[in-house]
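**Q** Let me begin by handing over the structure; questions about it come next.
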Amino acid sequence: MEWTSQLATGDDSVDAQHRALLDCLNDLRRAMKENRTLFAVYTLTRLKHHVRDHFATEEAMLRKTTSASLQEHVRIHEQFRTQLTDFQVKSIHGDVSMQTVDYVIAWLEQHIAGVSAMFSAVTADKKSAQP
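Residues in the sequence shown are numbered consecutively from 2, following this note's numbering.
Listed below in C-alpha cells is the structure:
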C-alpha cells in the first residue's frame, strides 16, 4: 500500500505516523518475499514501536474529541498490540509465516484507511466550527 492524499487526515503528525507505518509494512512484505528472516524480525520490532507510538497519539486525539468510540478504539488497539507482540516474539524464534504477515499488513492498512476517514471528519468539523 502506498501513501495517497486520500489517506490524509489533516493532521501532519498522524499523517507522518501513517507514512512510517506504511513504510514498515512495505519493508515487511519485501522481507518476506525475499526470505530475509532477520530483516523481517527487525521490521516487526520497528513496526511494534511505531504502532505503540501511533496508537498513543490516536487515543490522545480521541480523548480530546470526547469520542464515544474511545473505549472500543482503545480495546481494538490493545488487542492488536498484544497480537503484534506475539508475532514479534515468534519471529525471533524463526516462526514468521506469510499468513501472519498478511494479517498484520491487512489489519494496519484497513485501520489506517478507517482512521484517516475518521480524523478527516473530525478535522473538517473543527474547521467548520471555527468563526
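Every residue, glycine too, gets a C-beta built ideally from N, C-alpha and C.
Looking only at its chain, what residues have a beta carbon closer than 7 angstroms to the beta carbon of Met-2, apart from the 5 residues adjacent to it on each side?
**A** Counting from 1 along the sequence shown, the entry for residue 2 is found at position 1. Hits under 7 angstroms: Leu-23, Leu-26 and Glu-110.
**Q** If you follow the alpha helix (DSSP H) that Arg-37 is part of, which residue opens it and which one closes it?
**A** Here residue 37 refers to the residue found at position 36 of the sequence shown. It is not in any alpha helix (DSSP H) - Arg-37 carries neither H nor E in the DSSP assignment.
**Q** Grab me the residues of His-51's own chain with a C-beta within less than 8 angstroms of its C-beta, minus the 5 sequence neighbours each way, in chain order.
**A** On the sequence shown, position 50 is the one that residue 51 refers to. Correct list, in chain order: Gln-18, Ala-21, Leu-22 and Cys-25.
**Q** Rounding to the nearest angstrom, what Cα-Cα distance links Ala-9 and His-55 in this structure?
**A** Indexing the sequence shown from 1 puts residue 9 at position 8. Indexing the sequence shown from 1 puts residue 55 at position 54. If you take the alpha carbons of Ala-9 and His-55, they lie about 15 angstroms apart.
**Q** Whole angstroms are fine: how far does the CA of Asp-12 sit from the CA of Thr-38?
**A** For the purposes of this step, residue 38 is taken as the residue at position 37 of the sequence shown. For the purposes of this step, residue 12 is taken as the residue at position 11 of the sequence shown. The alpha-carbon atoms of Thr-38 and Asp-12 are separated by roughly 35 angstroms.
**Q** Straight-line CA distance for His-94 to Arg-31?
**A** Within the sequence shown, the letter at position 93 stands for residue 94. Within the sequence shown, the letter at position 30 stands for residue 31. About 20 angstroms.
**Q** Going by beta-carbon coordinates alone, are Ser-92 and Ala-41 separated by less than 8 angstroms?
**A** Residue 92 sits at position 91 when you count from the first residue of the sequence shown. Residue 41 sits at position 40 when you count from the first residue of the sequence shown. For Ser-92 and Ala-41, yes; Cβs fall inside 8 angstroms.
**Q** Rounded to a whole number of angstroms, what is the C-alpha to C-alpha distance between Met-119 and Thr-44?
**A** On the sequence shown, position 118 is the one that residue 119 refers to. On the sequence shown, position 43 is the one that residue 44 refers to. Using only the alpha carbons, I get a separation of about 27 angstroms.
**Q** Specify the secondary structure class of His-50 as computed by DSSP and reduced to three states.
**A** For this step, residue 50 is matched to residue 49 along the sequence shown. Three-state DSSP puts His-50 in a helix.
**Q** By the 10 Å Cβ neighbour count, where 16 or more other Cβ atoms means buried, how is Glu-35 classified, buried or exposed?
**A** The residue labelled residue 35 in the question sits at position 34 within the sequence shown. Classification for Glu-35: exposed.
**Q** Just the Cα atoms here: how many angstroms apart are Val-90 and Gln-84?
**A** Translated into positions along the sequence shown, residue 90 becomes position 89. Translated into positions along the sequence shown, residue 84 becomes position 83. If you take the alpha carbons of Val-90 and Gln-84, they lie about 10 angstroms apart.
**Q** Whose C-alpha, out of Asp-16, Arg-47 and Thr-58, is nearest the C-alpha of His-78?
**A** By 1-based counting over the sequence shown, the position of residue 78 is 77. Out of Asp-16, Arg-47 and Thr-58, Thr-58 has the C-alpha closest to the C-alpha of His-78.
**Q** Starting from Ser-83, trace the alpha helix (DSSP H) both ways and give me its first and last residue.
**A** What you label residue 83 is simply residue 82 of the sequence shown in a count that begins at 1. Reading the sequence as shown, one finds Thr at residue 83 and not Ser. Here the alpha helix (DSSP H) through Thr-83 covers 71–93.
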